[in-house]
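K.L.:
Heads up: the sequence shown begins at 49 in our numbering, then just goes up one per residue.
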Amino acid sequence: MERIVLEVDGNIAAKWKQASAEKRSKVLAFLNNALDLIDEPTANGGVNKGYALPSERKMRRHDERVQSKTPEYLKFLDEMGEIAAKNGLTQQALDELLAEDE
Numbered sequence: 049m050e051r052i053v054l055e056v057d058g059n060i061a062a063k064w065k066q067a068s069a070e071k072r073s074k075v076l077a078f079l080n081n082a083l084d085l086i087d088e089p090t091a092n093g094g095v096n097k098g099y100a101l102p103s104e105r106k107m108r109r110h111d112e113r114v115q116s117k118t119p120e121y122l123k124f125l126d127e128m129g130e131i132a133a134k135n136g137l138t139q140q141a142l143d144e145l146l147a148e149d150e
C-alpha cells in the first residue's frame with residue numbers, strides 16, 4: 049500500500065479521525081472501487097463499469113434519430129386527430145374519457 053494525502057472538509061476529517069479501523073478499511077475499499085469504476089472503460093461503447101449512461105456519441109445519434117422522426121410523428125398525430133374528429137370525437141369527449149381514468 050502507498051500513503052496519499054487527500055484534502056477534505058472539516059466534517060469529513062473529524063469523522064475520519066473518530067472512525068474505527070474497520071470503518072476506515074471499508075472507506076478505503078469503497079474509494080479503491082470508485083476509482084476503478086471511473087478509470088476502467090468497458091468494451092460496451094466506452095461506458096464505465098457500474099454506470100448505465102451510454103456514451104456521448106450514442107446519445108447524440110439517438111437524439112438525431114428522434115429529431116429526424118419528430119416531423120413524421122407529429123404528422124401522424126395530426127392525421128389521427130383528424131380521423132378522430134371525423135368520427136365525432138370532440139375535445140370535450142376526449143377530456144371526459146381521460147378524466148375517467150383518473
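Virtual Cβ for every residue (Gly too), placed ideally from N, Cα, C.
Remember, it's a predicted structure, so these values are computed and weren't measured experimentally.
1. From Ala147 to Ala141, what distance separates their C-alpha atoms?
2. By how many angstroms is the C-alpha of His110 removed from the C-alpha of Asp149?
3. Indicate the three-state DSSP secondary structure (helix, strand or coil) for Arg105 in the structure shown.
4. Whole angstroms is fine: what's the gap from Ala61's alpha carbon to Leu76's?
5. Would the beta-carbon of Leu142 be found less than 8 Å away from any heavy atom of the ligand ATP?
6. Helix, strand or coil, according to DSSP, for Val56 in the structure here?
7. Measuring straight from C-alpha to C-alpha, what distance separates Lys134 and Glu112?
8. Rounded to the nearest angstrom, what separates Ala91 and Met49 at their Cα positions?
9. Does the distance from the CB of Trp64 to the CB of Arg51 come in under 9 Å?
P.N.:
On the basis of the supplied data:
1. Per the coordinates, the alpha-carbon of Ala147 lies some 10 Å from the alpha-carbon of Ala141.
2. Inter-residue distance for Asp149 and His110 is about 32 Å (C-alpha atoms, whole angstroms).
3. helix
4. 14 Å
5. The model on display carries no ligand, and the ligand ATP is accordingly not part of it.
6. coil
7. 34 Å
8. With a pLDDT of 49 at Ala91, under the threshold of 50, the modelled position of that residue is not reliable, and no figure is offered here.
9. no
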